[in-house]
Amino acid sequence: MGIATAAHAAATDTLTVDLAADTGAFRGGATGTLYGLSSEGVPSQAVLNGARVTNTSQRPPDGLQHPTGDALKVERSFFAGAGKDLYVYLQDMYPDWPYTAGTRPGDADGDGVWDYLPLLREAVEKVATRSARPKDYVFLPFNEPDGIWYQDWPTERDQFLADWSAAYRVIQEVWAAHGLGHARIGGPGDSRWHADRSADFLGYAQKNGQLPDVFIWHELGIDNLATFRGNFAAYRDLEKSLGVAAIPVNITEYALPRDMGAPGSLIQWLTMFEDVKADAQTAYWSYAGGLSDNISRTNGANGGWWMFKWYGDLAGSRTVKVTPPRPNTVATLQGIAARDAANDRTTVLFGGGANGVNLVLRNVTGSQVDVQVRAVRLNGAEGATGQPPVVLSTRATVTDGTVSVTVPNDNQHTAYQAIVTPVLPRREPVANPLVSSVEAETGTLVDATVFNRDDGWTQMASNRHDVGDFKKATSSITWQATVARTGTYRLSVLAGTNSLPGRHALFVDGGYHQLVRYPATLAWGYRGNADVTLRLTAGTHTFALKGSTDGVTALPNVDIAVDRFDLYDVTDSERTVYPVLQARLSGGAKLVDGAASLSGSGKATFFVAAAETGYHDLSVGYGTKNAAAIDVRADGRTLKMPASKSAGSWVSTARVFLPQGISEITVTAAAGAQLSSITTARAAAADSDQANVYRAQAESLPRAGTAAVASYPKSTGVFGSEDAGGTVSYVGFVGLGAGNTVTLNRPSSFGAGDYVLTVGAANAERSGSHSYNPQVVDRFIDVTEAGGGTTRGAVRTTYAWTNFWDKSIPVTTTTASGALTLGNATAYAPDLDTVSLARLVAGTPTTTAR
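Here this note's numbering is used: the first residue of the sequence shown is 36, the next is one more, and so on.
Next comes the structure, spelled out in structure tokens:
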């Protein structure tokens, strides 16, 4: 993670930031996404809010190109976050790719109307009449017309321009009919920048009063990192030559699969778009609903998500000039810097090169500043990633208005966040629970092969290589790691399983230790993490992953691509501090002497990461000038913290059941408080306390209708809750009728209140086919309280029916003992392995002096 090796220690690149050179208000539109949302709740609201997605492109209502991603079905969650502009790919009304076999449709029924126009009208009409926010939509009548329907510009130019007029008129007619004023339309939508096509199009649209409201093209490739700024400048010059006022630009598809989830790649793209203040959307290469492969599961963060989050944290600031060592050069150090004057804070996001970084800031005021740097690395599309650790924390002297710090780095896929402030009462210390990280290809291999994963069209591997052909009982990888103290450690194996869960045997110091059970991922190159816990004594240990426990019989689905081995020290529980410098402040909240001053509606918002579902002690550190209460909410649900008794420094703590992945924590203090940080610490023992949690195997619960028990033997490699013989039993055929249900009868002590229902769920449904997009379908589970209400939970694809993931659903019961029935009246629910009901808060929250 950016710890420079001896070979790289002397090599550094300089990134210069000029705080006096203001380059404009932070735009924040470069983390848009194409089909990044698939359904209400996919991704989760906390994940969406944290990524601060301001623009997205989705399918038209009832469009047939993809089974999910309907604009009307995602608009509530999109606009509930940072959403501003919801784009619609109108040609996605068609089911085939490329549309109508790549040939422009004609007038097949001879009615004198081009066959595309009725479909277009239907889609726009549905948005006009069904959307709660129709004026926040942007319609795209054409997607990549240079490759679909209008490839030969010299012969098809006039047809495209006429068709643009026809589509433009229909959209405006629908809007006018409903009194909505001017409909926003984007175009032309070419697959790449074309100077000739753009000039013809813009001149024609200007002449006919049909200019697009957003000018659109795509930047899909590796070399585009070198050419985009030139393309953008050419477009602005074209506008000037025609006398057209500047039109906002959105690059509605950018980057390749290699860039997704890779922070060091993403920062290069974000830098380009933010520099020119253009919006941009990551391309849609795999499944819908995953922010273009920049999240983990439905509710988690990968390295790409943290890059999105850091970028979104800059909202409200102003960018300043950054000079990289080699601008417009692929795979080199690039960066964004922003000045938050109200809070006297400067943030620099940088990465993309393989050398150490000499970060130079000019025109800095004061004699000293504190600099705190965090690092986030490539961790696979499904690799769950906690808060990036502090890798550098220093007090730097300002000399002639200049500050320089050196950040060790040797990995172009790692990105960094540097926060520069006046001297603080307390800096965050350098702290990283990661004690060892070993690339799989550097281990000793038997019956396995090293593969290069850097072709642009596959997900990038850590260090560009992984180990595959791991097919035999005799296949193995052996490596060593040294730990400084005796304690408990978490080994996280980054690996891809090719759509099926699988298993390896872990040997420690020559002896068999335990199985490593891998959840399914989309493909071998689409990586996630499998974690095991072990006790280790201080010193050096030898680890081995093997294809069998006995060297004779291969484990099920053993052919797994292994990428990296990370060893974390969790002896003192998984405790994470989130200082206010990592919070988003709003409503008048302000940084003062390293604390967030809260009063009235002032709010601090944190995004915390849980490695596993269960109880965590959530502690809030703050000071008050008198007796006062703070309001703390976890994903919008109130945690009733006792008020402080007087002036002083306080810690308020609640034991909260958090879902695996990201939760949004907000803190307010109407009467005033100075907030310093929040902390989460795993409290795993509380998970087994029956006063807090009721657990059941789904097959043991009462069933009705078609709901039926089935099982998978251990030979399938199933990822789920096993019995003593290794079999996983589950309940399928839940839903598709109101009577097909599973019921959880609550313990009598579980009265009305806030709970979290967690199911072990599998969903591998697909609908239709596509040349490269897996046509996955989200499934929904409705939780209905007898005598109360119904809460819906969304379960995205888990890739395999044998792959059960936790899905946590917030449930607030209103009756003393009403049973909870799980079902779905209109479609199938996911298959269910386990069901648990946990109190949101275990025990009584406390407030104590610190």
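Note that the Cβ used here is the ideal one computed from N, Cα and C, for glycine as well.
Between Gly-491 and Gly-531, the gap from beta carbon to beta carbon reaches 7 Å or more. Checking the DSSP bridge columns, you'll see His-576 partnered with Ala-516. Here Asp-171 carries a helix assignment [DSSP, helix/strand/coil].
By the Cβ test, the stretch 107-118 is not in contact with the stretch 176-186, since fewer than three Cβ pairs between them sit closer than 8 Å.
Rounded to whole angstroms, the Cβ separation of Asp-405 and Arg-462 is 5 Å, and the two are in contact under 8 Å. As for any beta strand (DSSP E) of minimum length 3 sitting wholly inside the stretch 429-459, the runs are 437-442 and 450-456, ordered along the chain. A direct Cα-Cα distance of roughly 26 Å separates Val-766 from Ala-726. In this chain, the alpha helix (DSSP H) harbouring Ile-302 covers 298-311. Pro-423 counts as buried, since no fewer than 16 other beta carbons sit within 10 angstroms of its beta carbon. In this model, Tyr-129 and Ala-136 are separated by some 10 Å (Cα to Cα). Cβ-Cβ distances below 7 Å link Ala-163 to Pro-169, Val-209, Trp-210, His-213 and Leu-215 in the same chain, with the five nearest sequence neighbours on each side left out; the list follows chain order. If you draw a straight line from the Cα of Leu-569 to the Cα of Thr-523, it comes to about 6 Å. In terms of CA proximity to Val-870, Val-791 leads the group Tyr-151, Val-791 and Gly-822.
Fully enclosed alpha helix (DSSP H) runs of no fewer than 4 residues occupy 188-212 of the stretch 165-229, in order along the chain. A check of alpha carbon separations from Trp-514 across Tyr-124, Thr-479 and Asp-817 identifies Thr-479 as the nearest.
The stretch 826-842 makes contact with the stretch 750-766, as at least three CB pairs between them are under 8 Å. Under the DSSP assignment, Leu-384 falls outside any alpha helix (DSSP H), being part of the beta strand (DSSP E) whose first and last residues are 380-386. For Leu-273, the enclosing alpha helix (DSSP H) covers residues 259-277. When only Cα atoms are considered, Thr-703 and Gly-623 end up about 11 Å apart. In this structure, Tyr-553 lies near Ile-595, with their beta-carbon atoms less than 7 Å apart. Check the Cα spacing between Thr-584 and each of Thr-556, Leu-246, Leu-152 and Gly-545: the tightest is with Gly-545. DSSP places Gln-369 within a strand segment (E or B) once states are collapsed to three. Comparing C-alpha distances from Arg-738 to each of Thr-856, Ser-608, Leu-154 and Pro-283 shows the shortest one belongs to Thr-856.
Annotation note: the stretch 465-518 contains the following uninterrupted beta strand (DSSP E) runs of length 3 or greater, listed N- to C-terminal: 469-474, 479-481, 484-487, 500-503 and 511-518. At the C-beta level, Ala-618 and Phe-641 come within 7 Å of one another. Pairing Ala-708 with Leu-633 gives a Cβ-Cβ distance under 7 Å.
Within the same chain, and ignoring the five residues on either side of Pro-694 in sequence, the residues whose Cβ sits closer than 6 Å to its Cβ are Asn-334, Thr-648 and Ser-843. In the displayed model, Glu-734 falls within a helix according to three-state DSSP. Between the stretch 430-444 and the stretch 392-408 there are three or more inter-stretch CB-CB distances shorter than 8 Å, so the stretches are counted as touching. The alpha-carbon separation between Pro-443 and Thr-606 amounts to approximately 27 Å. Ala-644 counts as buried, since at least 16 other C-beta atoms from the protein chains shown sit within 10 angstroms of its C-beta. Approximately 7 Å separates the beta-carbon atoms of Arg-219 and Tyr-172; this is inside 8 Å, confirming the contact. When secondary structure is reduced to three states using DSSP, Thr-701 falls in the strand class.
Trp-685 sits in a strand when the DSSP states are folded into three classes. Nearest C-alpha to Asp-817 among Thr-793, Ser-804 and Tyr-834: Thr-793. One alpha carbon belongs to Glu-820, the other to Arg-781, and they sit about 10 Å apart.
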